[in-house]
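K.L.:
Got a structure for you, questions after.
2 protein chains.
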Amino acid sequence: MTGSSGDKQPKYQRIADTLKAAIDAGQYCAGDRLPGENDLMDEYGVARMTARQALGVLQSEGIAEARRGAGVFVRDFRPLRRRGIQRLAQGQWGSGRSIWSADIDNRLLVVDQVSVTEQGAPEHVARVLGVDPGEPMCVRHRRFVLDGKPVLLSTSYLPAGLVAGTAITREDTGPGGTYARLAEIGAKPVHFREEVRSRMPGAEEAARLELSAGTPVILICRTAFADEGQVVELNEMILDAASYVLEYDFDA
Amino acid sequence: MTGSSGDKQPKYQRIADTLKAAIDAGQYCAGDRLPGENDLMDEYGVARMTARQALGVLQSEGIAEARRGAGVFVRDFRPLRRRGIQRLAQGQWGSGRSIWSADIDNRLLVVDQVSVTEQGAPEHVARVLGVDPGEPMCVRHRRFVLDGKPVLLSTSYLPAGLVAGTAITREDTGPGGTYARLAEIGAKPVHFREEVRSRMPGAEEAARLELSAGTPVILICRTAFADEGQVVELNEMILDAASYVLEYDFDA
DNA sequence: TAGTGGTCTAGACCACGGC
DNA sequence: CCGTGGTCTAGACCACTAG
């Protein structure tokens with residue numbers, strides 16, 4: 176495909192396709208600098224905005240990344256593997272290690288932008304939790320930064336009455352994390368539901384995750400159920416899609 | 176956020192933020208037409224390309240959609256729910272109904288662009304299947320169109336030797352689909368792994384799924400294992416991210 | 001047919017990065 | 001410093017859609 180058919184494509188698309196073909200052919204590898212706007216203007220005899228638009232195609236497809244003052248570079252894709260099911264098996268958090276240490280090998284994970292507040296349940300949260308909007312909730316915000324790159328934003332909602340007085344209301348939830356604390360107060364999560372979708376980030380999300388153009392986010396909304404079917408936590412996560420592969424393993 | 180701080184934002188960003196705020200405030204609802212390029216030029220006293228850039232922000236965030244000759248319109252988000260685990264429970268395909276009918280209620284699902292060919296295993300497929308690259312595979316391509324909107328592209332790889340002579344090599348695999356046929360030849364899938372990621376589509380993917388700008392795709396790579404741990408199928412799916420929510424339900 | 005968005009040109013000034 | 005990409009202007013022609 177992309178052959179020499181007389182499809183009457185726009186110029187910028189033809190230039191973009193040529194660059195993509197060169198990347199596929201290995202003429203440019205991950206991290207290499209692509210021809211800049213000026214190069215393309217000379218080579219194809221087009222105006223600045225047209226060359227710019229061609230490079231914009233590669234950026235909006237997540238293939239390339241512009242660095243101001245330096246050039247446009249080929250991106251690479253080396254995602255983390257997030258095992259959705261095994262990571263929540265009881266052995267992981269029952270034993271006292273952080274859930275997150277299951278994900279990472281030889282990498283530096285920093286949790287920052289932590290805040291724990293009590294506020295009223297937003298409407299969509301209340302609906303899932305089965306409570307009234309405005310019901311007091313313990314809201315935990317966190318950002319996870321792996322090797323200096325932010326990869327995940329997390330917002331966790333728990334019923335304020337349920338978790339009052341536990342370490343869940345503190346920034347450091349202690350060994351085993353939130354789920355170990357829930358187990359200690361008789362609200363052990365026994366069932367989980369994860370809903371996954373993807374969209375482009377808003378400006379604030381892109382800033383907090385330091386996303387370059389053309390990178391979507393993955394949204395995971397996890398609901399944790401105790402053994403009476405009671406919802407004990409709702410966790411909304413925003414992931415850099417270029418940093419993650421989610422894995423779900425299950426039997427027929 | 177987006178307060179009146181003297182952040183010295185670009186004009187197009189300020190215009191875009193104003194439009195987004197108006198949408199959030201309910202001044203424009205899903206399907207409504209937004210102010211066009213000419214409107215913004217008049218209202219803000221900017222050049223054509225700047226107004227255009229502002230509208231481009233909303234489009235690249237998936238908030239709005241341009242319709243040529245008509246205007247720029249607010250998009251909506253009414254996704255399908257795809258239950259990753261229950262839908263592959265044996266009751267679903269063991270009973271003879273199509274797996275896909277489990278997903279849809281009162282909607283017209285059309286499967287088109289079907290092709291079944293035999294070709295050599297691509298390198299990445301061979302690696303997962305544990306065979307040599309070029310090993311003959313049965314390759315099934317399909318496109319799923321729901322109520323006239325393409326939502327999913329599927330490419331399925333099965334060992335050619337295993338499925339030779341079965342309905343799997345025909346376009347219509349018969350009641351219960353591929354998995355029912357595999358069960359009949361003693362290669363019943365008992366375990367599945369789904370790997371999920373997201374990125375922006377390439378031009379061909381966007382065309383086949385009729386995606387508007389600012390819509391990512393979700394990639395699902397599903398591996399089906401028979402009871403000896405043997406891989407019997409690898410299914411690569413490309414989903415319109417604006418059409419789907421994936422759901423995974425599991426116990427701790 | 002009138003108005004819309006899609007493409008394109010030929011300039012301009014700026015902020016930032018590497019040298 | 002000089003080249004890079006980021007923003008912006010003021011025009012132009014086109015294809016498409018709605019009325």
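Sequences listed follow chains A and B, in order.
With positions in the first sequence counted from 1, the corresponding number in this note's numbering is that position plus 175.
With positions in the second sequence counted from 1, the corresponding number in this note's numbering is that position plus 175.
All C-beta atoms in this analysis are idealised placements derived from N, C-alpha and C, irrespective of residue type, glycine included.
1) Taking beta-carbon pairs under 8 Å, can you tell me which members of the stretch 372-384 of chain A lie near chain B?
2) Rounding to the nearest angstrom, what Cα-Cα distance links T225(B) and P308(A) in this structure?
3) Whole angstroms are fine: how far does the CA of D426(B) sit from the CA of E218(A)?
4) Go ahead and label F252(A) buried or exposed: buried means 16 or more other beta carbons lie within 10 angstroms of its beta carbon, across all protein chains shown.
5) Ignoring anything shorter than 4 residues, give me the alpha helix (DSSP H) runs that lie fully in the stretch 314-371 of chain B, in order along the chain.
6) Given T292(B), which residues of its chain have a CB within under 6 Å of its CB, disregarding the five upstream and five downstream residues?
7) Against chain B, with Cβ distances strictly below 8 Å, would G389(A) count as a contact?
8) Are the CB atoms of V371(A) and R256(A) within a distance shorter than 8 Å?
9) Using beta carbons (cut-off 8 Å, strictly below), is Y203(A) in contact with chain B?
10) Pull up the CB-CB distance for S373(B) and P391(A), whole angstroms please, since I reckon it's below 8 Å.
11) In chain A, which residues lie with their C-beta within 7 Å of the C-beta of I393(B)?
12) Residue range of the alpha helix (DSSP H) that A199(A) falls in?
13) Terminal residues of the continuous alpha helix (DSSP H) containing E380(B)?
14) Whose C-alpha, out of E212(B), P254(B), S235(B), Q261(B), is nearest the C-alpha of A245(B)?
15) What is the C-beta distance between A399(A) and P350(A), in whole angstroms, given that I count them as a contact (C-beta under 8 Å)?
16) For G181(A), count neighbouring Cβ atoms within 10 angstroms of its own Cβ and tell me buried if that reaches 16, exposed if not.
17) Looking at the C-beta of F319(B), does it have a partner C-beta in chain A at a distance below 8 Å?
18) With a threshold of 8 Å on Cβ separation, who are the neighbours of V320(A) within its own chain once the five nearest residues in sequence on each side are excluded?
19) Note down the Cα distance separating A277(A) from I260(A), rounded to an integer number of angstroms.
20) Out of L328(A), E379(A), V249(A), state which residue places its alpha-carbon closest to the alpha-carbon of G237(A).
21) Output the boundary residues of the alpha helix (DSSP H) element that contains G231(B).
22) List, in chain order, every chain B residue whose beta-carbon is nearer than 7 Å to that of S235(A).
23) Just verifying my parser: in three-state terms, what is the DSSP assignment at V300(B)?
24) Excluding five sequence neighbours on each side, which residues of the same chain lie with their C-beta closer than 6 Å to the C-beta of R208(B)?
25) Under 8 Å, CB to CB, which of the residues in the stretch 393-425 of chain B have a partner in chain A?
26) How would you list, in chain order, the residues of chain B whose beta-carbon sits under 9 Å from the beta-carbon of V303(A)?
27) Return the CA-CA distance between L384(B) and L337(B), expressed in angstroms with no decimal places.
28) Under three-state DSSP, which class holds D214(A)?
29) Spatial neighbours of R227(A) within its chain, please: CB distance less than 8 Å, with the 5 preceding and 5 following residues excluded, ordered by chain position.
30) Please name the residue in R317(A), S235(A), Q202(A), G201(A) whose C-alpha comes closest to that of Q188(A).
31) Does any residue of chain B bring its CB to less than 8 Å from the CB of E240(A)?
32) DSSP has S290(B) in a bridge; who is on the other side?
33) Would you list, in chain order, the members of the stretch 354-365 of chain A that have their beta-carbon closer than 9 Å to a beta-carbon of chain B?
34) Within 10 Å of its beta-carbon, does K195(A) have 16 or more other beta-carbons around it, so buried, or fewer, so exposed?
35) Check whether the Cβ atoms of L414(B) and I395(B) lie closer than 8 Å to each other.
36) With distance defined between alpha-carbon atoms, name the residue in A342(B), I360(B), D214(B) nearest to G352(B).
P.N.:
According to the data block:
1) R372, S373, R374, M375, P376, G377, A378, E379
2) As a first step, residue 225(B) must be located in the second sequence, where it is residue number 50. As a first step, residue 308(A) must be located in the first sequence, where it is residue number 133. The straight-line gap from Cα to Cα measures roughly 41 Å.
3) For the purposes of this step, residue 218(A) is identified with residue 43 of the first sequence, where counting begins at 1. For the purposes of this step, residue 426(B) is identified with residue 251 of the second sequence, where counting begins at 1. Each residue's Cα considered, the two are about 59 Å apart.
4) Reading the first sequence from its first residue, position 77 is the one you call residue 252(A). With a 10 Å radius around the Cβ and a threshold of 16 neighbouring Cβ atoms, F252(A) comes out exposed.
5) 335-338, 352-359
6) The count along the second sequence starts at 1 and reaches residue 292(B) at position 117. For T292(B), where only same-chain residues beyond five positions count, the Cβ hits under 6 Å are V314.
7) Position 214 of the first sequence, counting from 1, holds the residue named residue 389(A). Closer than 8 Å to some Cβ of chain B, the Cβ of G389(A) qualifies, so yes.
8) In the first sequence, residue 256(A) corresponds to position 81, counting from 1. In the first sequence, residue 371(A) corresponds to position 196, counting from 1. Cβ distance not < 8 Å, so R256(A) and V371(A) don't count as in contact.
9) The count along the first sequence starts at 1 and reaches residue 203(A) at position 28. Not one chain B Cβ lies under 8 Å of Y203(A).
10) Working through the second sequence from its first residue, we reach residue 373(B) at position 198. Working through the first sequence from its first residue, we reach residue 391(A) at position 216. That belief holds up - the Cβ atoms of S373(B) and P391(A) are roughly 5 Å apart, short of 8 Å.
11) Within the second sequence, numbered from 1, the residue matching residue 393(B) stands at position 218. The answer, in chain order, is S373.
12) For the purposes of this step, residue 199(A) is taken as residue 24 along the first sequence, with counting starting at 1. The sequence shown places Asp at residue 199(A), rather than the Ala named in the question. Looking at the DSSP string, the run of the alpha helix (DSSP H) that includes D199(A) is 186-199.
13) Against the second sequence, residue 380(B) aligns to sequence position 205. Where E380(B) is concerned, the enclosing alpha helix (DSSP H) stretches over 378-383.
14) As a position in the second sequence, residue 245(B) is number 70, starting the count at 1. Answer by Cα proximity: E212(B).
15) As a working note, residue 399(A) is residue 224 in the first sequence. As a working note, residue 350(A) is residue 175 in the first sequence. That pair is no contact at about 18 Å.
16) In the first sequence, the residue the question calls residue 181(A) occupies position 6. Since pLDDT at G181(A) reaches only 38, below the 50 mark, its modelled position is unreliable, and no value is offered.
17) Sequence index remark: in the second sequence, residue 319(B) carries index 144 (1-based). No, no contact with chain A.
18) Residue numbering aside, residue 320(A) sits at position 145 when the first sequence is read from its first letter. These residues qualify, in order along the chain: L284, V285, V286, D287, V326.
19) Here residue 277(A) is taken as the residue at index 102 of the first sequence, counted from 1. Here residue 260(A) is taken as the residue at index 85 of the first sequence, counted from 1. In this predicted model, A277(A) has a pLDDT of only 45, less than 50, meaning its place in the structure is not dependable enough to derive any value.
20) Within the first sequence, residue 237(A) is the residue found at index 62, counting from 1. For G237(A), the nearest C-alpha among the options comes from V249(A).
21) As a first step, residue 231(B) is located in the second sequence; it is residue number 56 there, counting from the start. Start and end: 223-235.
22) Translated into the one-based positions of the first sequence, residue 235(A) becomes position 60. Within 7 Å Cβ-Cβ: S235, M375.
23) To locate residue 300(B), count along the second sequence from 1; it is residue 125. Note: V300(B) maps to helix in three-state DSSP.
24) As a working mapping, residue 208(B) is identified with position 33 in the second sequence. Excluding sequence neighbours, R208(B) sits near G246, F248.
25) I393, A416, A417, Y419, V420, L421, E422, Y423, D424, F425
26) To locate residue 303(A), count along the first sequence from 1; it is residue 128. The contacting residues do not exist; V303(A) stays about 13 Å from chain B at best.
27) The sequence position of residue 384(B) within the second sequence is 209, counting from 1. The sequence position of residue 337(B) within the second sequence is 162, counting from 1. One C-alpha to the other measures close to 31 Å.
28) Translated into the one-based positions of the first sequence, residue 214(A) becomes position 39. When DSSP states are grouped into helix, strand and coil, D214(A) belongs to the helix group.
29) On the first sequence, position 52 is the one that residue 227(A) refers to. So the qualifying residues of the chain are E212.
30) If you number the first sequence from 1, residue 188(A) lands on position 13. Selected option, being the one with the closest Cα: S235(A).
31) Position 65 of the first sequence holds residue 240(A). So no, E240(A) is outside the interface.
32) Stepping through the second sequence from its first residue, residue 290(B) is reached at position 115. DSSP, once it has assigned bridges, lists H316(B) as partnering S290(B).
33) Y354, K363, P364, V365
34) Position 20 of the first sequence, counted from the start, is the residue given in the question as residue 195(A). Buried, because 16 or more other Cβ atoms sit within 10 Å of the Cβ of K195(A).
35) Here residue 414(B) is taken as the residue at index 239 of the second sequence, counted from 1. Here residue 395(B) is taken as the residue at index 220 of the second sequence, counted from 1. In contact: L414(B) and I395(B) (Cβ atoms closer than 8 Å).
36) Within the second sequence, residue 352(B) is the residue found at index 177, counting from 1. Nearest of A342(B), I360(B), D214(B) to G352(B), Cα basis: A342(B).
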